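I have placed the structure first, in the form of C-alpha coordinates, so that the comments after it can refer back to it.
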Amino acid sequence: MAENYEYQSILREMLEAVPDTLDKREGSVIYTALAPSALLLAQQNYMIGYLFDLLFADTSTGDWLDRVVYDFGVAREQATYALRKIILTGTDGQPADFPIGTRFAINSLTFALSEKKNPGEYHAQCEQAGSQGNLYSGELLPVDNLNGLGSAVLDPEPVIAARDTETDDALRARFYATVRRSPYGGNISDYEQKTLEVEGVGAVQVFAAPTMGPGRVGLVIGDEQGNRASQELVNKVQALMGVNGDGIAPIWHTVTVGTSTDLPVNVAAPLRLKTGASFEIVRPVVENTVRNYVEDVGFTDQTVFHAKLVAAILGCHESILDVGEVTMNGAAANIALVKTFENYQVPTVGTITVTEVVS
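In our numbering, the protein residues as written are 3 to 361.
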(Lines of atoms letter the chains of each structure in order from A and count residues from 1; the text may use other names and numbers.)
(Lines give C-alpha, C1' and ligand atoms only; values in the text may rest on other atoms or scores of the structure.)
Protein backbone atom coordinates (compact mmCIF):
# COMPACT_ATOMS: atom_id res chain seq x y z
CA MET A 1 0.00 0.00 0.00
CA ALA A 2 2.77 2.43 0.94
CA GLU A 3 4.54 2.00 -2.40
CA ASN A 4 1.48 3.54 -4.12
CA TYR A 5 2.38 6.84 -2.46
CA GLU A 6 6.04 7.01 -3.38
CA TYR A 7 7.29 9.73 -5.70
CA GLN A 8 7.29 7.73 -8.94
CA SER A 9 3.84 6.24 -8.27
CA ILE A 10 2.30 9.62 -7.47
CA LEU A 11 3.86 11.25 -10.52
CA ARG A 12 2.68 8.41 -12.75
CA GLU A 13 -0.92 8.76 -11.52
CA MET A 14 -0.83 12.52 -12.03
CA LEU A 15 0.46 12.13 -15.59
CA GLU A 16 -2.14 9.46 -16.36
CA ALA A 17 -4.85 11.95 -15.42
CA VAL A 18 -3.59 14.32 -18.12
CA PRO A 19 -5.12 13.68 -21.60
CA ASP A 20 -2.80 11.92 -24.01
CA THR A 21 -3.46 14.67 -26.53
CA LEU A 22 -1.14 16.90 -24.49
CA ASP A 23 2.64 16.62 -24.34
CA LYS A 24 3.51 15.11 -20.97
CA ARG A 25 6.89 13.62 -21.73
CA GLU A 26 9.80 14.21 -19.35
CA GLY A 27 11.00 17.75 -19.93
CA SER A 28 7.63 19.00 -21.09
CA VAL A 29 5.88 21.90 -19.37
CA ILE A 30 3.25 19.60 -17.83
CA TYR A 31 5.84 17.10 -16.57
CA THR A 32 8.01 19.88 -15.18
CA ALA A 33 5.01 21.40 -13.37
CA LEU A 34 3.75 18.13 -11.89
CA ALA A 35 7.09 16.65 -10.73
CA PRO A 36 7.68 19.06 -7.79
CA SER A 37 4.09 18.57 -6.61
CA ALA A 38 4.52 14.78 -6.70
CA LEU A 39 7.72 15.09 -4.68
CA LEU A 40 6.02 17.21 -2.01
CA LEU A 41 3.11 14.76 -1.79
CA ALA A 42 5.56 11.87 -1.36
CA GLN A 43 7.34 13.77 1.42
CA GLN A 44 4.04 14.47 3.16
CA ASN A 45 3.12 10.80 2.90
CA TYR A 46 6.40 9.89 4.57
CA MET A 47 5.75 12.38 7.38
CA ILE A 48 2.23 11.00 7.92
CA GLY A 49 3.68 7.49 8.27
CA TYR A 50 6.33 8.79 10.67
CA LEU A 51 3.69 10.52 12.79
CA PHE A 52 1.58 7.35 12.90
CA ASP A 53 4.61 5.46 14.25
CA LEU A 54 4.89 8.00 17.07
CA LEU A 55 1.37 7.15 18.26
CA PHE A 56 2.16 3.54 19.23
CA ALA A 57 4.41 2.28 22.00
CA ASP A 58 6.33 -0.22 19.88
CA THR A 59 7.54 2.44 17.41
CA SER A 60 7.34 5.69 19.39
CA THR A 61 10.44 7.46 20.71
CA GLY A 62 11.47 10.29 23.00
CA ASP A 63 8.83 12.73 24.22
CA TRP A 64 6.18 11.03 22.11
CA LEU A 65 6.79 7.71 23.89
CA ASP A 66 6.47 9.57 27.20
CA ARG A 67 3.03 10.78 26.13
CA VAL A 68 1.91 7.31 24.97
CA VAL A 69 2.81 5.53 28.23
CA TYR A 70 1.59 8.40 30.43
CA ASP A 71 -2.00 7.55 29.45
CA PHE A 72 -1.47 4.25 31.29
CA GLY A 73 0.03 5.77 34.42
CA VAL A 74 3.65 5.06 33.48
CA ALA A 75 6.30 7.79 33.49
CA ARG A 76 9.92 7.75 32.38
CA GLU A 77 12.35 7.37 35.30
CA GLN A 78 14.59 10.41 35.48
CA ALA A 79 18.25 10.42 36.43
CA THR A 80 18.87 10.40 40.18
CA TYR A 81 21.69 11.70 42.37
CA ALA A 82 24.14 9.32 44.03
CA LEU A 83 24.49 9.30 47.81
CA ARG A 84 28.07 8.61 48.89
CA LYS A 85 30.05 8.34 52.12
CA ILE A 86 32.85 10.80 52.85
CA ILE A 87 35.42 10.42 55.64
CA LEU A 88 36.86 13.71 56.94
CA THR A 89 40.08 13.93 58.94
CA GLY A 90 41.58 17.03 60.51
CA THR A 91 45.17 18.22 60.39
CA ASP A 92 45.63 16.61 63.81
CA GLY A 93 44.71 13.20 62.41
CA GLN A 94 41.39 13.08 64.27
CA PRO A 95 37.87 12.92 62.76
CA ALA A 96 36.83 16.39 61.60
CA ASP A 97 33.36 17.89 61.36
CA PHE A 98 32.19 20.55 58.91
CA PRO A 99 28.78 22.17 58.24
CA ILE A 100 26.12 20.41 56.20
CA GLY A 101 26.33 21.70 52.64
CA THR A 102 30.13 21.84 52.56
CA ARG A 103 31.22 20.86 49.06
CA PHE A 104 34.02 18.66 47.79
CA ALA A 105 35.19 17.74 44.29
CA ILE A 106 36.82 14.84 42.48
CA ASN A 107 37.48 15.02 38.74
CA SER A 108 34.30 16.55 37.23
CA LEU A 109 32.02 15.66 40.16
CA THR A 110 31.08 17.68 43.22
CA PHE A 111 29.51 16.42 46.44
CA ALA A 112 27.70 18.31 49.19
CA LEU A 113 27.54 17.02 52.77
CA SER A 114 23.92 16.09 53.53
CA GLU A 115 23.92 14.11 56.79
CA LYS A 116 26.34 13.42 59.62
CA LYS A 117 26.51 9.73 60.55
CA ASN A 118 29.44 9.65 62.98
CA PRO A 119 32.28 12.00 63.92
CA GLY A 120 34.13 12.64 60.68
CA GLU A 121 31.75 10.42 58.68
CA TYR A 122 29.14 12.02 56.43
CA HIS A 123 26.72 11.15 53.70
CA ALA A 124 27.07 13.45 50.71
CA GLN A 125 24.91 13.87 47.63
CA CYS A 126 26.46 14.17 44.20
CA GLU A 127 25.45 17.41 42.51
CA GLN A 128 25.59 15.83 39.04
CA ALA A 129 22.75 13.50 38.09
CA GLY A 130 23.19 10.03 36.69
CA SER A 131 25.38 6.98 37.13
CA GLN A 132 28.52 9.10 36.84
CA GLY A 133 27.96 9.86 40.51
CA ASN A 134 28.70 6.21 41.32
CA LEU A 135 32.19 6.49 39.84
CA TYR A 136 35.50 7.46 41.41
CA SER A 137 36.77 7.14 44.95
CA GLY A 138 39.72 8.39 46.94
CA GLU A 139 41.00 11.83 47.83
CA LEU A 140 38.60 14.76 47.50
CA LEU A 141 39.44 18.43 47.21
CA PRO A 142 37.39 21.06 49.07
CA VAL A 143 35.58 23.49 46.77
CA ASP A 144 36.09 26.25 49.34
CA ASN A 145 39.00 26.75 51.70
CA LEU A 146 38.43 24.76 54.91
CA ASN A 147 40.56 25.52 57.92
CA GLY A 148 41.67 22.43 59.80
CA LEU A 149 40.94 19.90 57.05
CA GLY A 150 43.62 17.26 56.71
CA SER A 151 41.98 14.93 54.21
CA ALA A 152 38.63 14.08 52.67
CA VAL A 153 38.17 10.57 51.27
CA LEU A 154 35.29 9.36 49.10
CA ASP A 155 34.32 5.77 49.95
CA PRO A 156 34.23 3.49 46.86
CA GLU A 157 30.83 1.94 47.66
CA PRO A 158 27.79 4.18 47.01
CA VAL A 159 25.32 4.42 49.88
CA ILE A 160 22.53 4.70 47.31
CA ALA A 161 23.64 4.32 43.70
CA ALA A 162 22.29 6.69 41.06
CA ARG A 163 20.78 5.83 37.69
CA ASP A 164 20.73 7.51 34.31
CA THR A 165 17.53 8.70 32.67
CA GLU A 166 15.56 5.67 31.50
CA THR A 167 16.15 4.78 27.86
CA ASP A 168 13.34 4.35 25.33
CA ASP A 169 13.85 0.57 25.25
CA ALA A 170 13.80 0.26 29.05
CA LEU A 171 10.70 2.45 29.34
CA ARG A 172 8.95 0.45 26.62
CA ALA A 173 9.75 -2.85 28.36
CA ARG A 174 8.50 -1.53 31.71
CA PHE A 175 5.34 -0.22 30.06
CA TYR A 176 4.60 -3.63 28.54
CA ALA A 177 5.23 -5.32 31.90
CA THR A 178 2.82 -2.91 33.60
CA VAL A 179 -0.09 -3.24 31.20
CA ARG A 180 0.25 -6.98 30.66
CA ARG A 181 0.82 -8.21 34.22
CA SER A 182 -1.87 -6.18 36.04
CA PRO A 183 -0.28 -5.34 39.43
CA TYR A 184 -3.00 -5.44 42.08
CA GLY A 185 -3.57 -5.85 45.80
CA GLY A 186 -0.28 -7.34 46.91
CA ASN A 187 0.37 -9.82 44.09
CA ILE A 188 3.93 -10.35 42.89
CA SER A 189 3.62 -7.76 40.12
CA ASP A 190 2.33 -5.22 42.64
CA TYR A 191 5.32 -5.75 44.94
CA GLU A 192 7.72 -5.55 42.00
CA GLN A 193 6.21 -2.31 40.74
CA LYS A 194 6.13 -0.57 44.12
CA THR A 195 9.66 -1.69 45.03
CA LEU A 196 11.19 -0.60 41.74
CA GLU A 197 9.60 2.83 42.17
CA VAL A 198 11.84 3.44 45.20
CA GLU A 199 14.76 5.67 44.29
CA GLY A 200 17.96 3.62 44.31
CA VAL A 201 16.34 0.24 43.64
CA GLY A 202 17.13 -1.25 40.24
CA ALA A 203 16.19 -4.90 40.73
CA VAL A 204 13.92 -7.00 42.94
CA GLN A 205 12.96 -10.62 43.41
CA VAL A 206 9.74 -11.40 45.30
CA PHE A 207 9.39 -14.51 47.48
CA ALA A 208 5.95 -15.46 48.77
CA ALA A 209 4.11 -18.52 50.09
CA PRO A 210 4.97 -21.38 50.10
CA THR A 211 8.62 -20.23 50.10
CA MET A 212 8.19 -17.77 52.99
CA GLY A 213 5.15 -19.24 54.71
CA PRO A 214 1.55 -18.01 55.02
CA GLY A 215 1.22 -14.24 55.13
CA ARG A 216 4.94 -13.65 54.70
CA VAL A 217 6.64 -11.92 51.78
CA GLY A 218 10.35 -11.62 51.13
CA LEU A 219 11.91 -8.96 48.91
CA VAL A 220 15.50 -9.27 47.73
CA ILE A 221 16.59 -5.97 46.21
CA GLY A 222 19.56 -4.75 44.20
CA ASP A 223 20.82 -1.24 43.56
CA GLU A 224 20.46 0.65 40.27
CA GLN A 225 23.15 -1.53 38.68
CA GLY A 226 21.68 -4.78 40.01
CA ASN A 227 24.42 -5.14 42.60
CA ARG A 228 24.13 -5.77 46.33
CA ALA A 229 22.16 -2.94 47.93
CA SER A 230 23.45 -0.92 50.87
CA GLN A 231 21.92 -1.37 54.31
CA GLU A 232 20.54 2.16 54.07
CA LEU A 233 18.61 1.23 50.92
CA VAL A 234 17.34 -2.00 52.50
CA ASN A 235 16.12 -0.02 55.51
CA LYS A 236 14.46 2.52 53.21
CA VAL A 237 12.44 -0.17 51.40
CA GLN A 238 11.64 -1.93 54.68
CA ALA A 239 10.28 1.31 56.13
CA LEU A 240 8.14 1.82 53.03
CA MET A 241 6.66 -1.68 53.20
CA GLY A 242 6.17 -1.44 56.96
CA VAL A 243 6.69 -3.82 59.83
CA ASN A 244 3.40 -4.07 61.69
CA GLY A 245 0.88 -2.97 59.10
CA ASP A 246 2.15 0.61 59.07
CA GLY A 247 3.46 0.57 55.48
CA ILE A 248 2.08 0.12 52.00
CA ALA A 249 2.00 -3.68 52.22
CA PRO A 250 -1.52 -5.14 52.44
CA ILE A 251 -2.91 -5.98 55.88
CA TRP A 252 -1.75 -9.39 57.15
CA HIS A 253 1.30 -9.31 54.90
CA THR A 254 4.57 -9.41 56.84
CA VAL A 255 7.29 -8.15 54.52
CA THR A 256 10.99 -8.75 55.08
CA VAL A 257 13.49 -6.92 52.89
CA GLY A 258 16.99 -8.19 52.20
CA THR A 259 19.63 -7.93 49.53
CA SER A 260 21.75 -10.23 47.43
CA THR A 261 24.95 -12.07 48.30
CA ASP A 262 28.03 -11.45 46.19
CA LEU A 263 29.51 -14.56 44.57
CA PRO A 264 33.00 -13.78 43.23
CA VAL A 265 33.69 -15.50 39.91
CA ASN A 266 37.40 -16.25 39.52
CA VAL A 267 38.35 -16.86 35.90
CA ALA A 268 41.47 -18.47 34.47
CA ALA A 269 41.91 -18.25 30.70
CA PRO A 270 44.91 -19.76 28.88
CA LEU A 271 45.28 -18.37 25.35
CA ARG A 272 47.03 -19.54 22.20
CA LEU A 273 47.82 -16.59 19.96
CA LYS A 274 48.64 -16.24 16.29
CA THR A 275 52.29 -16.04 15.34
CA GLY A 276 53.68 -12.58 15.99
CA ALA A 277 50.78 -11.43 18.19
CA SER A 278 51.57 -9.47 21.35
CA PHE A 279 50.28 -11.06 24.53
CA GLU A 280 50.58 -7.75 26.40
CA ILE A 281 48.15 -6.16 23.94
CA VAL A 282 45.67 -9.03 24.00
CA ARG A 283 45.62 -9.62 27.76
CA PRO A 284 43.80 -6.41 28.84
CA VAL A 285 41.22 -6.94 26.08
CA VAL A 286 40.47 -10.43 27.40
CA GLU A 287 40.35 -9.19 30.99
CA ASN A 288 37.85 -6.51 30.02
CA THR A 289 35.76 -9.07 28.08
CA VAL A 290 35.61 -11.39 31.10
CA ARG A 291 34.71 -8.49 33.36
CA ASN A 292 31.90 -7.35 31.05
CA TYR A 293 30.47 -10.87 30.74
CA VAL A 294 30.28 -11.42 34.49
CA GLU A 295 28.85 -7.96 35.10
CA ASP A 296 26.19 -8.50 32.42
CA VAL A 297 24.73 -11.56 34.16
CA GLY A 298 21.29 -10.36 35.24
CA PHE A 299 19.99 -10.06 38.79
CA THR A 300 17.48 -12.86 38.22
CA ASP A 301 19.68 -15.05 35.99
CA GLN A 302 20.28 -18.44 37.55
CA THR A 303 23.40 -19.56 35.66
CA VAL A 304 26.79 -18.21 34.66
CA PHE A 305 27.37 -20.06 31.40
CA HIS A 306 30.83 -21.43 30.69
CA ALA A 307 30.29 -21.75 26.94
CA LYS A 308 29.19 -18.11 26.59
CA LEU A 309 32.31 -16.95 28.42
CA VAL A 310 34.56 -19.05 26.16
CA ALA A 311 32.78 -17.71 23.06
CA ALA A 312 33.19 -14.13 24.28
CA ILE A 313 36.92 -14.65 24.84
CA LEU A 314 37.44 -16.27 21.44
CA GLY A 315 35.72 -13.39 19.67
CA CYS A 316 37.19 -10.46 21.56
CA HIS A 317 40.46 -10.12 19.60
CA GLU A 318 41.55 -11.22 16.14
CA SER A 319 44.93 -12.41 17.46
CA ILE A 320 43.38 -15.18 19.59
CA LEU A 321 43.77 -18.48 17.77
CA ASP A 322 42.38 -20.77 20.47
CA VAL A 323 41.86 -21.09 24.21
CA GLY A 324 42.83 -23.83 26.61
CA GLU A 325 40.66 -24.97 29.49
CA VAL A 326 38.89 -21.84 30.68
CA THR A 327 37.76 -22.26 34.28
CA MET A 328 35.34 -20.40 36.53
CA ASN A 329 36.02 -20.90 40.24
CA GLY A 330 38.33 -23.77 39.38
CA ALA A 331 36.01 -25.74 37.10
CA ALA A 332 35.36 -25.74 33.36
CA ALA A 333 31.61 -25.81 33.93
CA ASN A 334 28.59 -23.58 34.42
CA ILE A 335 28.07 -21.93 37.80
CA ALA A 336 24.58 -22.53 39.17
CA LEU A 337 23.54 -19.58 41.32
CA VAL A 338 21.57 -20.11 44.52
CA LYS A 339 18.40 -18.02 44.39
CA THR A 340 16.76 -18.31 47.81
CA PHE A 341 15.65 -15.49 50.07
CA GLU A 342 18.31 -16.38 52.64
CA ASN A 343 21.09 -16.68 50.05
CA TYR A 344 20.38 -14.89 46.79
CA GLN A 345 23.61 -15.07 44.83
CA VAL A 346 24.60 -12.49 42.22
CA PRO A 347 27.97 -12.97 40.49
CA THR A 348 30.69 -10.38 40.86
CA VAL A 349 34.08 -10.13 39.19
CA GLY A 350 36.75 -11.99 41.15
CA THR A 351 40.31 -12.62 40.03
CA ILE A 352 41.03 -12.77 36.29
CA THR A 353 44.12 -14.73 35.30
CA VAL A 354 45.05 -14.65 31.62
CA THR A 355 48.06 -16.68 30.47
CA GLU A 356 49.66 -17.49 27.13
CA VAL A 357 50.09 -21.07 25.99
CA VAL A 358 53.14 -21.49 23.78
CA SER A 359 52.93 -24.61 21.62
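Note that CB positions come from ideal geometry on N, CA and C, so glycine has one too. Treat the numbers as computed from the prediction; the structure is a model and nothing was measured.
Have a look at the DSSP bridge pairing and note the partners of residue i.
i      : result
Leu275 : Ile322
Asn120 : Glu123
Arg86  : Ala126
Tyr346 : Lys341
Leu151 : Gly92
Phe177 : Paired residue(s): none; Phe177 is not in a bridge.
Ile108 : Leu111
Whole angstroms is fine: what's the gap from residue i's alpha carbon to residue j's?
i      : j      : result
Ile364 : Glu18  : Summary: the structure shown does not reach residue 364, with the chain confined to residues 3 through 361, and so no result is reported for it.
Arg174 : Met49  : 23 Å
Glu129 : Gly122 : 21 Å
Tyr401 : Ser11  : The chain is shown from 3 up to 361; residue 401 falls before or after that span and cannot be answered.
Trp66  : Ala205 : 26 Å
Gly51  : Ala44  : 11 Å
Ser262 : Thr277 : 45 Å
Pro286 : Val306 : 22 Å
Phe281 : Ala334 : 23 Å
Ala164 : Ala81  : 7 Å
Met16  : Val71  : 41 Å
Asn290 : Gln46  : 48 Å
Ile102 : Ile337 : 46 Å
Leu36  : Val200 : 60 Å
Tyr9   : Leu24  : 22 Å
Arg293 : Val351 : 6 Å
Exposed or buried, which one is residue i when buried takes at least 16 other CB atoms within 10 Å?
i      : result
Gly228 : buried
Pro160 : buried
Ile253 : exposed
Asn136 : buried
Leu57  : exposed
Pro365 : What is shown of the chain runs 3 to 361, which leaves residue 365 out entirely.
Lys119 : exposed
Leu235 : buried
Val245 : exposed
Val348 : buried
Quick check: the segment 87-106 against the segment 172-190, are at least 3 beta-carbon pairs closer than 8 Å? Fewer than three Cβ pairs drawn from the segment 172-190 and the segment 87-106 lie within less than 8 Å of each other, which leaves the two stretches out of contact.
Where in the segment 185-237 do unbroken runs of the alpha helix (DSSP H), each at least 4 residues long, occur, reported from the N-terminal end onward? Qualifying alpha helix (DSSP H) stretches, in chain order: 190-198.
Count the C-beta pairs between the segment 257-264 and the segment 214-224 that are closer than 8 Å, then say yes if the count reaches three, no if not. Between the segment 257-264 and the segment 214-224, the count of C-beta pairs closer than 8 Å reaches three or more; the two stretches touch.
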